[in-house]
Amino acid sequence: MAITYQKALITANEQMTDTVFLLKAQWSAPTQPGQFFMLRTWDKAPLLSRPISVHNWENGIVEFLYEVRGTGTDLLSQAKAGDFIELTGALGKGFPVENISGKVAVVSGGIGIAPLYYVVRALVQKGCTVDFYCGFRDKPYGLEKFEALCSNVYLATDSGNYGVKGFVTDLLQPEGYDAVLTCGPEIMMEKIAHKAMAAGTAVYVSKESHMACGIGACLACTCKTKGGPKSVCKDGPVFKGEDIYADC
Amino acid sequence: MLTVNLCGKTLKNPVICASGTFGYGSEYADMLDLSKLGGISSKGLTLVPKYGNEGQRLAETASGIINSIGLQNPGVEHFIAHELPDMLKMDTCILANLGGAGIEDYEKGAELLDATDVHMIELNISCPNVKAGGIAYGVKSESAKEVVSRVRKCTTKPLIVKLSPQAENLVDMALTCQDAGADGLSLVNTFTAMAIDLEKRKPIFNNVYAGLSGPAIKPIALRMVHQVCKAVQVPVVGLGGIASGRDALEFIMAGATAIQVGTANFIKPDITMDIITQMQQWCDKNGVKSLDEIRGIV
Ligand SMILES: Cc1cc2nc3c(=O)[nH]c(=O)nc-3n(C[C@H](O)[C@H](O)[C@H](O)COP(=O)(O)OP(=O)(O)OC[C@H]3O[C@@H](n4cnc5c(N)ncnc54)[C@H](O)[C@@H]3O)c2cc1C
Ligand SMILES: Cc1cc2nc3c(=O)[nH]c(=O)nc-3n(C[C@H](O)[C@H](O)[C@H](O)COP(=O)(O)O)c2cc1C
Ligand code: FES
């Protein structure tokens, strides 16, 4: 699919929690689960566009679920329906939905939930059974949509105010799953990947990196893989666990 | 109207994409018509493939970015076999940006490139992100003289030497490279800079220092280009923070024959198309029929 750079009309930018927003914009070209866009709603400052995953793409609308972290995401949160957003995408290689079947565990940590809804939808559509494991610091968000599609939803929070107190990494037993998909903090993904690899279950991780171009041109986002250096933006952001993490 | 002659080669316009910010061109092919560009400079190449630097490679600053890529590249031979053939089909001037870990590497790299159809060699003696080679030759005029004169013997291609703003004496450096056989000069490469992670109480970059680029450096780059243009006879390619047609024209008025656009490609992937249009419009509006009329008038 060709990468395009376009201005897109924002149709909604809803606040989900104190810091999390869901932005919707018109985008008719197909996007794959796990892909992302470089986006901006500002002119020349801050200089770089921000990488944000596709949360969902349906009926010509692309959705982004994002957490306000700094200048860029703060500006993004101020955008209103009717404004325009500059999008470069869809970028990268997403989850290999075509190679996944059977019983799948999808594991998120915090805002790592963002790219996972679209892939859950695609997996359920092709007949997979999906269990969703999620970890949040405190109050969870966006779970209703997962509850509607998944066989089970397991929740862990740091605070213990919702779900089980503890880490989502402790909830997952990868045995019995055909594949594990995960997105979240680096240490969480590493733990999940090691657990899955030890159980002989295929595991896919969605990585983050600082990015300037998002298209494989600047080499800012290079990571080491079994097959040599790869660009997170172009060859990823989704990688097979064994390509990134040494065998345990 | 915007056509320029750079070291004997006619460019459609003076806008060249800067090394390291435009990959090998193909990455941007979906988003703009590459044949409308004046030229493309490849990612910095070395004789031996390089992984580049470990750790975080990028930080954003006010109106700029700091990078610590460290010349990640697949090596000159891989470039010649795989990336160059596609680049030569792009119908624009192709510059191979050549770095080296030592003089022999530069020489061998230049010999290999000389045997190809690449249009020009841009000799990078100014990368602040590699310990050996790179900027090691770009600070003292004496060491630049040696590299440039030896590489000069290895190629008959137009040889443009890319200078560092960290040169001890930039004008002297420029004159030395000209006298050592450079057909042209490009400047500037990035400024050595730094960023600190407060929470970790550590530098962001493993190498501690890294290279600053983008609009933040434009006024200083412009001054340097002006000083060098006043001193040398060979054509100068100006760069550093150019993000609009007006920025580009400032460099032309300062004396540059052509300009390069680097970091601004990250603001908007087709910003070079805007820059070309804006230059054209300014010339139309101001009755300028050729850039020769305004080049170096300041
Ligand atoms: C492929 C990919 C997909 C992502 N998807 C989402 C998503 O769906 N939802 C979401 O909330 N966040 C996502 N992120 C993280 C998001 O890009 C950062 O939170 C955001 O860039 C922060 O920008 P800022 O200006 O608010 O913060 P600042 O701290 O002001 O940003 C400063 C600079 O650092 C970069 N940066 C800061 N944090 C990160 C980070 N974690 N990863 C990469 N670069 C960072 C910024 O892009 C910017 O260049 C994704 C990151 C990547 C690489
Ligand atoms: C990510 C990045 C990678 C770069 N890599 C190279 C390189 O390989 N060789 C080189 O000569 N210059 C390299 N540069 C320097 C640019 O070509 C240019 O000289 C510098 O960024 C100043 O121009 P700008 O402000 O328009 O970016 C790089 C710059 C950036 C931002
Ligand atoms: S962000 Fe430029 S190569 Fe990945």
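The listed protein sequences derive, respectively, from chains Y and R.
Position 167, counted from 1, in the first sequence is what the working numbering calls 167; the numbers after and before it change by one each time, with no gaps.
Position 100, counted from 1, in the second sequence is what the working numbering calls 348; the numbers after and before it change by one each time, with no gaps.
The C-beta atom is built at its ideal place from N, Cα and C for all residues, glycine as well.
Nonlocal neighbours in the same chain, by C-beta distance under 7 Å from residue i, ignoring five residues either side
i	result
L75/Y	T41 and W42
S492/R	I523 and Q526
F270/R	Y276, I288 and N513
A266/R	S289, L487, Q508, V509 and G510
L360/R	V324, E325 and I328
C248/Y	Below a pLDDT of 50, predicted positions are generally treated as unreliable, and C248/Y, at 45, falls in that range; the measurement from the model is reported next regardless. Only H194, M197 and A198 meet the Cβ criterion.
C218/Y	A212
S101/Y	C128 and D178
G109/Y	G135, V168, G184, P185 and M188
S549/R	The first residue shown for chain R is 249 and the last is 546, placing residue 549/R beyond what the model contains.
T364/R	I328 and L332
Candidates the options, of which the one nearest residue i by Cα
i	options	result
Q481/R	I465/R, G493/R and A504/R	A504/R
A25/Y	V62/Y, H55/Y and I3/Y	V62/Y
L414/R	N513/R, V509/R, L460/R and F453/R	Checking the sequence, you will find Gln at residue 414/R rather than Leu. Among N513/R, V509/R, L460/R and F453/R, the Cα nearest to that of Q414/R is on L460/R.
E208/Y	I244/Y, G176/Y and S101/Y	I244/Y
A392/R	K448/R, I313/R, I500/R and K410/R	K410/R
G323/R	D281/R, K356/R, D334/R and R543/R	K356/R
A506/R	L293/R, K516/R, L280/R and V473/R	V473/R
K7/Y	L22/Y, W27/Y, E14/Y and M1/Y	W27/Y
G462/R	M279/R, L293/R, S311/R and K401/R	S311/R
G386/R	P517/R, G544/R, S434/R and G489/R	S434/R
K388/R	N417/R, G535/R and T438/R	N417/R
V419/R	A464/R, Q475/R, D362/R and N261/R	Q475/R
R137/Y	F146/Y, V97/Y, K165/Y and K145/Y	K165/Y
F453/R	A479/R, R305/R, A464/R and A384/R	R305/R
Q32/Y	K224/Y, I3/Y and E67/Y	I3/Y
M1/Y	K44/Y, T88/Y, K126/Y and A220/Y	T88/Y
T157/Y	K145/Y, I215/Y, E144/Y and K139/Y	K139/Y
Expected contact under 8 Å - CB spacing of residue i and residue j to nearest Å
i	j	result
V238/Y	G94/Y	6 Å
G287/R	C375/R	Going by Cβ atoms, the distance from G287/R to C375/R rounds to 20 Å, so no, they are not a contact pair.
K257/R	P406/R	7 Å
S412/R	V378/R	Rounded, the Cβ-Cβ distance is 12 Å, inconsistent with contact.
S53/Y	L39/Y	So it is not a contact: roughly 11 Å between Cβ atoms.
Y154/Y	V104/Y	Actually they are not in contact, since the Cβ atoms of Y154/Y and V104/Y sit about 14 Å apart, beyond 8 Å.
L470/R	E498/R	6 Å
I314/R	A443/R	6 Å
K80/Y	N152/Y	The pair is not a contact, with the Cβ atoms about 38 Å apart (cut-off 8 Å).
Opposing strand residues paired with residue i [DSSP bridges]
i	result
G135/Y	G109/Y and A156/Y
M442/R	Y457/R
G486/R	L435/R and I507/R
R50/Y	L39/Y
M16/Y	M16/Y pairs with nothing; no bridge assigned.
V180/Y	A105/Y and V203/Y
C221/Y	C221/Y pairs with nothing; no bridge assigned.
I342/R	I288/R
W27/Y	Paired residues: none, contrary to the question.
G89/Y	T4/Y
K450/R	D445/R
G312/R	T309/R
E498/R	Beta-bridge pairing links E498/R to no other residue.
Y66/Y	F21/Y
Contacts of residue i in chain R (Cβ-Cβ under 8 Å)
i	result
Y5/Y	M279, K516, P517 and D518
K44/Y	S311, P463, A491 and I515
G216/Y	G271 and E275
Neighbouring residues, chain Y, relative to residue i (Cβ below 7 Å)
i	result
Q320/R	L219, T222 and P229
E308/R	P46, L47 and L48
G357/R	Per Cβ cutoff of 7 Å: no residues; G357/R is ~19 Å from chain Y at best.
Y299/R	P229
Cβ-based neighbour list, residue i, same chain, cut-off 8 Å, excluding 5 preceding and 5 following
i	result
G82/Y	L9 and I10
H367/R	K257, G287, C341, I342, L343, K405 and P406
M501/R	I542, R543, G544, I545 and V546
Close beta carbons around residue i, own chain, < 6 Å, minus the five adjacent residues each side
i	result
L149/Y	V120 and V124
Y354/R	G348, V395 and V399
H55/Y	E63, F64, L65, A114 and Y117
P174/Y	V180, K195, A196, A199 and T201
A496/R	I490, I507, I523 and M527
G112/Y	C183 and G184
K537/R	none
Residue i: contacting residues in chain R (beta-carbon distance under 7 Å)
i	result
I88/Y	It is Thr, not Ile, that sits at residue 88/Y in the sequence shown. Residues of chain R passing the Cβ test: P517.
A2/Y	D278
Within chain R, partners of residue i - CB distance below 9 Å
i	result
C213/Y	T269, F270, G271, E275, Y276, N513, F514 and P517
H210/Y	Q304, R305, L306, A307 and E308
Chain-ordered neighbours of residue i on chain Y, where CB pairs are closer than 9 Å
i	result
I317/R	C218, L219, A220 and T222
G503/R	The premise fails here: G503/R is roughly 26 Å from chain Y at the closest Cβ pair, so nothing lies under 9 Å.
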